[in-house]
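Read the structure below first, then the notes.
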Amino acid sequence: ESIQLWLSLFLHFTLPSPSPLPDSGAWDVLCSGHHSNRVRGCDKFGCGHFNSKRGSHVHKAVDIVCDDYTVVHAPFTGMLRGRVQPHGDSSTNDDGVELSNSVHCVKIFNIRPSRYKGFVSKGESLGYVLPMQEKYSGITSHLHLQMCDKSDPTPYI
Ligand SMILES: [Zn+2]
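Residue numbers -16 to -1, 1 to 141, in mature numbering (1 follows the signal peptide of the UniProt record, and there is no 0), belong to the letters of the sequence shown in order.
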């Protein structure tokens, strides 16, 4: 019995406590020059919040305010999973990247990634925001942040 007690004490003090999720911290600010992730309000081209209406289409993402050409930072540590082209029209703005870890998976559009594969740390540069003003003069320039399962990213930003 004393051996059992000793063993339980030994295990209690030597086994690690359940490890936290690898990315349990808050997501980082995506756009350089900003202190927080600000969701695009409404302008003449539409609104940036989750589930906003775009004609018959519903916006299953959030638009985060970013100036044209500013550097974008990884919101969390993870792996780049390849190029994403939301429009499929090979226009200048038809570029983006998928980023995931064991918990989250996001697609970030309207950016020019510096690379499409490999490990990135939270806060590391992913590339830059593609210009919007040339095509949509007066729009609130932004990047489009979409969860891979089309759920709402708002709680994380
Ligand atoms: Zn959007």
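Positions of the beta carbon are idealized from the N, C-alpha and C atoms, including for glycine.
Fair warning: this is a prediction, and the values are worked out from it, not measured in the lab.
- Comparing alpha-carbon positions, the option among K134, A45, S105 lying closest to G30 turns out to be A45.
- Near ligand 1, meaning a Cβ closer than 6 Å to any of its heavy atoms, lie the following residues in chain order: H43, A45, D47, H128.
- Non-local beta-carbon contacts of W11 in its own chain, meaning distances under 7 Å to residues more than five positions away in sequence, involve P59, F60, Y140, I141 in chain order.
- Excluding sequence positions up to five before and after L110, its CB lies within less than 6 Å of the CB of V56, A58, P97, all in the same chain and listed in chain order.
- One alpha carbon belongs to D27, the other to L129, and they sit about 18 Å apart.
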